[in-house]
Every structure is written in C-alpha cells, then in structure tokens.
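Numbering (this note's numbering), first residue to last: 53 to 433.
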C-alpha cells in the first residue's frame, strides 16, 4: 500500500491518510455547477432569456440536458436536440429524451406566464422520425405579451423539485388523497394511475428490481450509465451533466480511488457489490407508484407526456413527497423486451404506451442536480 494513500472500510466509515486533510477533501462541493439554480430568473431582463433560465432546470434522462436554443429571430426560440447527448443503448428510439424536451417546454411556458407572456409551440415544424432524433427543430416557440395569461401555481415548486435517488422512509405511508391531487395535475392528455396498496406496491418493487437487474446485467446498457458518472467536484464542474456523485463521502472515495468508473464496472469488486446494494435500496423502498400513459406514441405524444411529467413532479413536490423515475422496464432494447411487455400487460391493459413509471415516498431533501449555464445552450444569440 502506498504511503500517501490509505483507505480502510470499517463500520461503514472511511479512514483516510493522504496528502490533503480529510476536512479539505470532504468540504469540496461543486458550487459552480449549481449556479444556474441560483441565477434562474435573476440577471436576465429579456423575456426569452428569463424563461430559458428556468427551463434548463427541467428533469431529463441521465441529466443529459440535450437542448439547444436558437434566439436569432425576435420573440422566438427554436428548440433543437443536441444529438451528441442521446442514449442509444438504454433509449434507442430517444423516446425518453423527447419526454425531457417536453419537460423543458412546460417549465418554459410556466416561466413566461409569470412575466405575462403567452408562448405558442409549433412542434416538429420540419417533421420527425419516430425511430431516430436528428437536428431538425423540436419546436418553434413564439412569445407574445398577453396580460390575460394566468400564472401556474405549480411554478412555485420549480426550485424545490428533485429526482430523489435515496431510499424512502418505509415507516411513512403515502396518502391516497395526495395521490389523487397529484394525478389531477396533468393538462396534456396523459392518463395517470397511482397505487399505494401494500401488495401492489410490493409486486412493483420486485418487478422494478428485476428490471434494474436486466439493465445492469446487460454490459452495454450498464456501461452507458457508468460512462456518465461524474464523481467529485472536479469532474462535476468540468461536465455538469450526467449522473453526479458529490458530497463528503464521494469526495473521499474518489480521491482515494475507492470509487472509480473502472471499479464500478468490475463485477468482482467491492465497488460493484456496494453499488448494487445502493441501487436496489431505492427500488425496494417504494411506498407508492405512479405511471403515465398516452394513447399514441408519436413525437408529439412524447412531448406532451413530458409536459405532464414535469407537472406531476411539481405536484409531488407540493405534497412534500419525493419521486424517482423507474424507467428500466420501459426501455426498448431486446434484453428488456419481456419486462416491457409485462409492464404494459399489467399497468396498461386497455392499451396505450406507458411513458413514465415512478416510485413515490418520503425522503430527506437532496441537493440540486448540476446544470450547464444557459449561455452554453445557445446556438445563436
């Protein structure tokens, strides 16, 4: 063992002897990567920029933030996909990426309304391909000053919305009345179902667990996620996207080499086995489930599903609950086919496409996810 690097695991704690002190390492935090959250709405006077500063906080698959905007025409935004940020293995038809664009558009609409602007969306004005996303516009968005526009009450929860990847409190039940209020928040033709009945919850816990195992046991899909790990402040601030691991534990683990992408990919390693425990502690602690169905599955349907998905997220936040997507069984690659068919048989017996499935429960508040600054997402100002 090298003199300047000593790591011991004892009682779940980390003991470190290294060149830097424990306090110095543990105090590292990616403040710069979180600045877009504190800058949203402030420092921007132009209506489109103000609205966009909120829209970039929208939930999206693996935090890829695959949006780019062209502001070259007055009172208009052209939204495009950053095709370098697709997920070809876990999301081969980019259905989930398109849902993320819908989340972006809905928060943009809400933010514009706060400033008295109506926005109109012309979706896929140059057409679209349902099996492949390209650089054609996702939407042309027109801004119009309109004093009759009403603010959306859900907008108040934009800053507090999170996708919680921690275990939920299994001693606290989720009330049926809360689930009913959450389900009623949609406005864009989604059908939303929820269930908190213990036997149903347990069945979906087990199903979600096995679907997660399929993704992890399929080398290319597992590696796609691991490649997007951002471990520690330096990595997160260099690339404020992907799946971030920040805070004292991960700073220490990464600095000492206890957590690396190589180690997480090594199925014989402690990193891999401990990672599995952490992942399954989420699926296995669901206290209720929510799923969202659309009758069609066009790109427009996926956009509208995204608009409703972020509304559901904000409604969950308003109830003091936590939510996490369970997207694995909805992924459309061959190894997942049996689970995809089963989840549709069980949860969508009358047809349609399940666009999103999630677990709900109570959990401690988690940090915001890193974001690229708005200026990094502008094609042409």
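Glycine residues also receive a C-beta, built at the ideal position from the N, C-alpha and C atoms.
- The Cβ-Cβ distance between residue 86 and residue 376 does not fall below 9 angstroms.
- The DSSP-derived three-state label of residue 131 is strand.
- Counting only the Cα atoms, residue 378 lies some 22 angstroms from residue 108.
- Counting the other CB atoms within 10 Å of its CB gives residue 428 a total below 16, which places it among the exposed residues.
- Between residue 339 and residue 224, the C-beta gap is smaller than 9 angstroms, which places the two residues in contact.
- The C-alpha of residue 288 lies about 12 angstroms from the C-alpha of residue 302.
- Each of 187, 321, 194 was checked against the Cα of residue 138, and the nearest Cα belongs to 187.
- In this chain, the alpha helix (DSSP H) harbouring residue 101 covers 99-107.
- Excluding five sequence positions before and after residue 228, the CB atoms of its chain that fall closer than 7 angstroms to its own CB belong to 248, given in chain order.
- For residue 337, the closest of 219, 198, 181, 98 by C-alpha to C-alpha distance is 219.
- Contact between residue 145 and residue 182 holds: CB atoms are separated by about 7 angstroms, below the 8 angstroms threshold.
- Contact between the segment 353-363 and the segment 236-244 is present, with at least three C-beta pairs closer than 8 angstroms.
- Along the length of the segment 190-230, whole beta strand (DSSP E) runs at least 3 residues long occupy 191-197, reported in chain order.
- Shown here, residue 418 sits in coil according to DSSP, grouped into three states, outside any helix or strand.
- Between residue 230 and residue 371 the beta-carbon gap is near 5 angstroms, inside 8 angstroms, which marks them as a contact.
- When the five nearest sequence neighbours on each side are left out, the beta carbons in the same chain lying within less than 6 angstroms of the beta carbon of residue 405 are those of 346, 349, in order along the chain.
- DSSP, read as helix, strand or coil, puts residue 404 in coil.
- In terms of CA proximity to residue 281, 313 leads the group 267, 261, 268, 313.
- If you ignore the 5 residues before and after residue 185, its C-beta comes within less than 6 angstroms of the C-beta of 133, 146, all in its own chain and listed in chain order.
- Its chain contains 100, 129, 430, 432, 433 as the residues whose beta carbon lies nearer than 7 angstroms to that of residue 123, once the 5 sequence neighbours on both sides are disregarded; these appear in chain order.
- Each residue's CA atom was taken as its position, placing residue 328 and residue 163 some 39 angstroms apart.
- One Cα belongs to residue 363, the other to residue 158, and the distance between them is close to 8 angstroms.
- Note on geometry: alpha-carbon atoms of residue 213 and residue 373 lie some 10 angstroms from one another.
- Apart from the 5 residues on each side of it in sequence, residue 80 sits with its Cβ closer than 6 angstroms to the Cβ of 285, 303 in its chain, given in chain order.
- With a cutoff of 9 angstroms on beta-carbon distance, residue 407 and residue 151 are scored as near each other.
- C-alpha of residue 423 to C-alpha of residue 246: approximately 30 angstroms in a straight line.
- Between residue 125 and the set 387, 384, 192, 365, the nearest pair of CA atoms involves 192.
- Ranked by Cα distance from residue 202, the options 194, 166, 209, 221 are led by 166.
- Residue 114 is positioned such that its CB atom lies closer than 9 angstroms to that of residue 295.
- Classified as exposed, residue 269 has fewer than 16 neighbouring CB atoms from the shown chains inside 10 Å of its CB.
- Distance from the CA of residue 260 to the CA of residue 335, rounded to the nearest whole angstrom, comes to 6 angstroms.
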